[in-house]
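Worksheet for the structure shown next.
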Amino acid sequence: MRDLSALPNLNVALIQTTLAWHDRQANLEHFEPLLEQARGADLIILPEMFTTGFSMESQTLAEAENGPTSKWLRVQAAKLDAVITGSVIVQAADGSHRNRLLWARPDGEVWHYDKRHLFRMAGEHNHYTPGERQVQFELKGWRVRPLICYDLRFPVWSRDAQDTDLLLYTANWPGARRQHWNRLLPARAIENLCYVAAVNRIGTDGKGFAYTGDSQVLDFQGETLLSAGEADGVFQVVLNAADLQAYRTRFPANLDADTFEFT
334 MRDLSALPNL
344 NVALIQTTLA
354 WHDRQANLEH
364 FEPLLEQARG
374 ADLIILPEMF
384 TTGFSMESQT
394 LAEAENGPTS
404 KWLRVQAAKL
414 DAVITGSVIV
424 QAADGSHRNR
434 LLWARPDGEV
444 WHYDKRHLFR
454 MAGEHNHYTP
464 GERQVQFELK
474 GWRVRPLICY
484 DLRFPVWSRD
494 AQDTDLLLYT
504 ANWPGARRQH
514 WNRLLPARAI
524 ENLCYVAAVN
534 RIGTDGKGFA
544 YTGDSQVLDF
554 QGETLLSAGE
564 ADGVFQVVLN
574 AADLQAYRTR
584 FPANLDADTF
594 EFT
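Right, here's the structure in full:
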């Protein structure tokens, strides 16, 4: 097991807010002052499809891989000296449409994760291509693994064999199922012995679905460190590496975890 005691603490900011329906420019302009409020954070997390809302109009709304949102994120990340992440609709180099989380670093690099589990109840599987692999990013020595919304329901995909320190979810999770969101997130923290940060939107989308937020950060025992409720704004918390190290040393359940392969 890695020794986390030498790692710096991680300042994480969650931006929970409304989204303009199918209006990228309006959303980017809306987020700029909110990002400024998050200055000082190491990692800033935005909602799923933060430039459009959760839309199935992938043909119309998709951006190129190095499109305007990717370029905007590079500028914002450099200005704030922070990683900024959230998902957008992207047309990949192979022509497929992806619900893609972009991980924009202050040095200009942009990495990504493509949503694996597509929400068939909204027809997402008919308009997007699923991701093929888990990814893990490093930030100040912390191992961060991003997932998107519906991925939360699938414990095998969320299960970690890579010693992840922070599991990250970006979402458009409707209020009708907020109880599921609030119960599944602590389970993922407990079973993976890691912190969990989850960002959801608020407001009503262009199809009339209401979103009630509940963006939150949980520790490795599923205890709440931050809860945004239904509020609009920027919420910050500091994650302590020494606390995570102490808990994993005291309760190393990961040493007895089952091994498995994805098919």
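Numbered as in my numbering, the sequence shown ends at 596 without a single skipped number.
The beta-carbon is built from N, C-alpha and C at its ideal position, and this holds for glycine as well.
Status (buried if at least 16 other CB within 10 Å, exposed otherwise) for residue i
i	result
Arg-407	buried
Lys-448	buried
Val-416	buried
Ala-530	buried
Glu-556	exposed
Ile-457	Looking at the sequence itself, residue 457 is Glu, so the reference to Ile does not match. Burial call: buried.
Gly-562	exposed
Asn-399	exposed
Arg-510	exposed
Phe-364	buried
Asp-493	buried
Arg-581	buried
Proximity below 8 Å, CB of residue i to CB of residue j
i	j	result
Thr-350	Ile-535	yes
Asn-505	Phe-387	yes
Leu-340	Trp-475	yes
Ser-548	Leu-352	no
Tyr-502	Leu-451	no
Leu-551	Asn-525	no
Val-477	Gln-467	no
Phe-568	Leu-559	yes
Leu-368	Leu-434	no
Arg-335	Asp-538	no
Thr-393	Val-421	no
Asn-573	Asn-342	yes
Pro-479	Thr-418	yes
Pro-507	Phe-542	yes
DSSP state of residue i mapped onto helix, strand, coil
i	result
Ala-574	helix
Thr-385	coil
Pro-439	coil
His-430	strand
Leu-337	coil
Asp-447	strand
Arg-478	strand
Thr-497	coil
Phe-470	strand
Gly-508	helix
Glu-563	coil
Leu-368	helix
Glu-396	strand
Ala-543	strand
Thr-537	strand
Asn-459	helix
Leu-379	coil
Presumed contact (8 Å Cβ cut-off) between residue i and residue j, rounded CB distance
i	j	result
Ala-437	Ala-410	4 Å
Asp-498	Tyr-528	7 Å
Leu-337	Leu-577	6 Å
Gln-424	Ala-397	6 Å
Ala-522	Gly-546	Ala-522 to Gly-546, Cβ: 19 Å. No contact.
| Okay, do the region 583 to 596 and the region 370 to 377 touch, 3+ Cβ pairs below 8 Å being the bar? | no
| Within the chosen definition, does the region 458 to 467 reach the region 428 to 436 through at least 3 CB pairs nearer than 8 Å? | yes
| said: Across the region 487 to 494 and the region 355 to 373, are there enough close Cβ pairs to call them in contact, namely three or more that are closer than 8 Å? | reply: no
| request: Evaluate the contact criterion for the region 379 to 386 versus the region 563 to 578: three or more CB pairs, one atom per stretch, below 8 Å. | output: no
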